[in-house]
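Residue numbers (the numbering used here): 9 to 659. Working notes, structure below.
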């Protein structure tokens, strides 16, 4: 009852703020959102529900910068547990290569740069209605209320039912409020976003450690138990403070709290053990787990220069304190079945054991310089003294395992302007990055893995011509490689090196055609004792050698500026198993190459003082069924043919 009262109070507060937003003419801040037109390169941009580019926060040069702990809110360090809702987050950009040359304290795996919605200039509302993929829905309402020239509020409500190609469905709702207060030359901006996933059906996973690739189930055929639906409460709250302190000295900082508590959680696995699809069926049920983090950063910047030079000195501190509960799992063995057949059981009684508690405390003192010492040469130098303390307490024995590190970290980059159109860069970084959590099929499933040291060397060329930009880069990233030991614990077994080339072309060709095209060609390799012992193969799991994507917009003169859109993706063959398989000639099992084509259109109509935008997309029009490798030995079906229709109204 207490939780219901708290939710009612929060919803009433948000609804009252929404009602205050007086309907008046507003710029089309949402109706005209377009990821392609806002993309400077093909290395990953997301605006609202649209995205372009070859990289995401989950896969950048073969690694996940989000799992590595490299998330930022308006440039400020943020240890993210749960995703920021779209009424709080305006866009996300992946900062690598040229895009990170001027970013202070950039990390080897890249930076997930999340930009929040800005201060509203005019009062207004937006209504966004989505007919989501696979017949789901995602509806939002946003309000914008500038009270005077120093105080403003914006926020919104949203609720959704999201379906997946494997037939699983999830329901969620969220509410967001953000305030802006100008105090002198400083801007203070607190925010509070909360929500719930009251019903999130587990994704049935195919385990292929035996080396057999099963037949892909039909689209939307759900193989799992309907009662095996997880529940999760989440909160993202905090505040930022930015502005000039005195003279040429400014401050940028923030403190954040991110919560993604699991009330219940399930993992359903089909262990495929023969070529005919025979599989062992089992389910793992978890008790309530708390996952919470408090993080923040304080940074002073001194900007100086003259006669065309620009210099900035940075000095600051960042920290985080994360709690991750795991374990207490109950195992259910449902025997042997044929993968793809329904195998349903009544909901059992649960008897969980004690949970494990993992704690990470990490901080860094930081200093950096960016600027042009000599005309045409731009330098970015940074150094950090980090402190890492990790512990995990076993819930059954009470024993505590501790790890610690106090490394010096650095980043260095040099950008050279060769001509007004051509520039080049070289860079290197050494970081202490998170490793995510152990996968659901590991003996230490969902356990927070220790932070590891990673190193990158990179360089590239950029050519600006006409209204377009071409980028060619080379990189090499090395970090410890996690996989399964003989006891199925997910631990470090060697090193993983990703050496590759990437290309990006972004711009407008003529007055009508916009293109964002990119590709990455890699040589990912595993070395170390795990490979020597035959526990892992030569290729890191889930990392393909080739990936490419092309996004295009073509604007016509038809009513509403009708614009046709398309997106083509290609992903090369991908290792699915961690270890080499004897009956495959001591080679790893691979998922076949896979490509998709999406087609759609968008139109924008002014209606009196409002703006209506219509967007429609048919994803994977040829229904190219494939497998996605989510973890070593673990697969689930990729997206299948489905449609999305969005109507956005600003008023």
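Using N, Cα and C, we set each Cβ at its ideal position, and we do this for glycine too.
Please report how far the alpha carbon of residue 70 lies from the alpha carbon of residue 150, in whole angstroms. Rounded to the nearest angstrom, the two C-alpha atoms are 36 Å apart.
Nearest by alpha-carbon distance to residue 259: which of 249, 412, 474, 641 is it? If we check each option's Cα against that of residue 259, 249 comes out closest.
Kindly give me the distance between the Cβ atoms of residue 576 and residue 563, rounded to whole angstroms, as I take these residues to be in contact under 8 Å. Not quite, the Cβ-Cβ distance comes to about 19 Å (not below 8 Å), so this is no contact.
Could you give the distance in angstroms between the alpha-carbon of residue 201 and the alpha-carbon of residue 428? When rounded, the distance between both Cα atoms is 44 Å.
Using CA atoms only, rank isn't needed, just tell me which of 607, 66, 421, 127 is closest to residue 158. Residue nearest to residue 158 within the set 607, 66, 421, 127 is 127 (criterion: CA-CA distance).
I'd like to know whether the C-beta atoms of residue 174 and residue 512 end up nearer to each other than 9 Å. With contacts defined as CB atoms closer than 9 Å, residue 174 and residue 512 fail to qualify as a contacting pair.
Residue 86 (DSSP reduced to helix, strand or coil): Of the three classes helix, strand and coil, the one that applies to residue 86 here is coil, per DSSP.
Decide yes or no for the touch test of the region 450 to 463 against the region 424 to 438: beta carbon pairs closer than 8 Å, at least 3 of them. Segments in contact, yes.
With residue 206 as the anchor, note down where its alpha helix (DSSP H) starts and where it stops. Looking at the DSSP string, residue 206 is not in any alpha helix (DSSP H); the run it does join, the beta strand (DSSP E), is 194 to 209.
Where in the region 487 to 555 do unbroken runs of the alpha helix (DSSP H), each at least 4 residues long, occur, reported from the N-terminal end onward? Scanning the region 487 to 555 for uninterrupted alpha helix (DSSP H) segments of 4 residues or longer gives 537 to 540, listed from N- to C-terminal end.
Quick check on the DSSP output: the beta strand (DSSP E) that includes residue 344 runs from which residue to which? For residue 344, the uninterrupted beta strand (DSSP E) run begins and ends at 338 to 346, by DSSP.
Do the CB positions of residue 67 and residue 100 come within less than 9 Å of each other? No Cβ-Cβ contact shorter than 9 Å links residue 67 with residue 100.
In chain order, what residues of the same chain have a beta carbon less than 7 Å from the beta carbon of residue 206, not counting five sequence neighbours either side? Closer than 7 Å at the Cβ level, and outside the excluded window around residue 206, lie 179, 239.
Would residue 61 be called buried (16 or more neighbouring beta carbons within 10 Å of its own) or exposed? Looking at its Cβ environment, which holds 16 or more other Cβ atoms inside 10 Å, residue 61 is buried.
In this structure, how does DSSP classify residue 255 when only helix, strand and coil are distinguished? Note: residue 255 maps to coil in three-state DSSP.
Would you report the Cα separation of residue 115 and residue 78, rounded to the nearest angstrom? Near 7 Å, if we compare the C-alpha coordinates of residue 78 and residue 115.
Roughly how many angstroms separate the alpha carbons of residue 222 and residue 279, rounded to a whole number? Going by the C-alpha atoms only, they are around 10 Å apart.
Using alpha carbons as the reference points, say which of 276, 346, 532, 320 lies closest to residue 283. Looking only at 276, 346, 532, 320, the smallest Cα-Cα distance to residue 283 is reached by 346.
Could you check where the beta strand (DSSP E) with residue 306 kicks off and where it finishes? It spans 299 to 312 - the beta strand (DSSP E) in which residue 306 sits, taken as one unbroken run.
Residue 640 versus residue 520 - alpha carbon distance: For residue 640 and residue 520, the distance between alpha carbons rounds to 44 Å.
What does the Cβ neighbour count give for residue 314, buried or exposed, with the cut at 16 atoms within 10 Å? Exposed, by the Cβ-count rule.
To the nearest angstrom, how far is it from the Cα of residue 24 to the Cα of residue 155? The pLDDT assigned to residue 24 is 37, lower than 50, so where the model puts this residue is not dependable, and the model offers no usable value.
By how many angstroms is the C-alpha of residue 385 removed from the C-alpha of residue 432? Using only the alpha carbons, I get a separation of about 10 Å.
So, with DSSP's three-state summary, where would you put residue 636? Residue 636 falls in the strand class under three-state DSSP.
Out of curiosity, what's the CA-to-CA distance linking residue 275 and residue 358? Answer to the nearest angstrom: the Cα atoms are 14 Å apart.
In chain order, what residues of the same chain lie with their CB nearer than 8 Å to the CB of residue 547, ignoring the 5 residues before and after it? Around residue 547: 532, 533, 534, 583, 596.
Helix, strand or coil for residue 353 per DSSP? Three-state DSSP puts residue 353 in coil, outside helix and strand.
Assuming residue 672 contacts residue 637 (C-beta within less than 8 Å), just tell me the rounded distance between them. It is not possible to answer for residue 672, since the shown part of the chain is limited to 9 through 659.
Mind checking which residues open and close the beta strand (DSSP E) that includes residue 400? For residue 400, the enclosing beta strand (DSSP E) begins and ends at 385 to 401.
Between residue 572 and the rest of its own chain, which residues show a CB-CB distance below 6 Å, the 5 nearest in sequence each way excluded? Cβ contact annotation for residue 572 (same chain, cutoff 6 Å, sequence separation greater than five): 562, 609, in chain order.
Using DSSP with H/G/I as helix, E/B as strand and the rest coil, what is residue 278? Residue state, collapsed to three classes: strand.
What does a CB cutoff of less than 6 Å around residue 553 pick up in its chain, not counting 5 residues either side in sequence? Contacts found: 530, 580.
From the DSSP output, in three-state form, read off residue 29 for me. Summary for residue 29: the model assigns pLDDT 36, below 50, so the residue's position carries little reliability; its value from the coordinates is reported in the next sentence. Coil, per DSSP.
Determine whether the beta carbon atoms of residue 414 and residue 394 lie at a separation below 9 Å. It is a contact, given that the beta carbons lie within the stated cut-off.
Return the Cβ separation of residue 656 and residue 134 in integer angstroms, given the expectation that the two are a contact with Cβ distance under 8 Å. With a Cβ gap of about 7 Å, residue 656 and residue 134 count as contacting.
Look at the Cβ atom of residue 587, then the Cβ atom of residue 545, and state whether they are nearer than 9 Å. By the CB criterion at 9 Å, residue 587 and residue 545 fall inside the cutoff.
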